Amino acid sequence: MDGKVIYADELSWGFGKHVKIDNGHNITSIYAHLSTIDPNIHVGDKIPAGTIIGTRGTTGWSTGPHLHFQTNIYGIPVNPRIFLTGNP
Numbered sequence: 363m364d365g366k367v368i369y370a371d372e373l374s375w376g377f378g379k380h381v382k383i384d385n386g387h388n389i390t391s392i393y394a395h396l397s398t399i400d401p402n403i404h405v406g407d408k409i410p411a412g413t414i415i416g417t418r419g420t421t422g423w424s425t426g427p428h429l430h431f432q433t434n435i436y437g438i439p440v441n442p443r444i445f446l447t448g449n450p
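For the sequence shown, my numbering gives the first residue as 363, with consecutive numbering after it.
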């Protein structure tokens with residue numbers, strides 16, 4: 363989904379390097395444990411769906427390389443599958 367970057371930085375715990383996007387309508391998306399955040403991604407940027415924001419990694423509290431993708435509605439985590447296209 364299109365959105366506006368509201369966080370793009372690193373925490374030494376939890377999500378590690380991550381990007382949080384406000385998708386509108388009280389929906390946010392989090393892409394976490396990234397090894398890198400694209401240097402062209404900044405807080406306040408409006409980005410279209412499909413924009414590469416970083417690469418998967420194992421930063422923060424992680425036991426191996428992966429992408430933690432989380433979608434929240436009103437701050438409550440929900441299954442992101444309802445927002446993804448091309449589902450089986």
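Beta carbons are placed, not taken as given, at the ideal position from N, Cα and C, and that holds for glycine. Keep in mind that this is a model prediction, so the values were computed, not measured.
- Using a 10 angstroms sphere on the CB of phenylalanine 377, the tally of other CB atoms reaches 16 or more, which defines it as buried.
- When the beta-carbon positions are compared, isoleucine 389 and lysine 382 stay at least 8 angstroms from each other.
- The Cβ atoms of threonine 413 and lysine 379 lie no closer than 8 angstroms to each other.
- The beta carbons of leucine 396 and glycine 365 sit no closer together than 8 angstroms.
- In this structure, the beta-carbon distance from isoleucine 409 to valine 367 falls below 8 angstroms.
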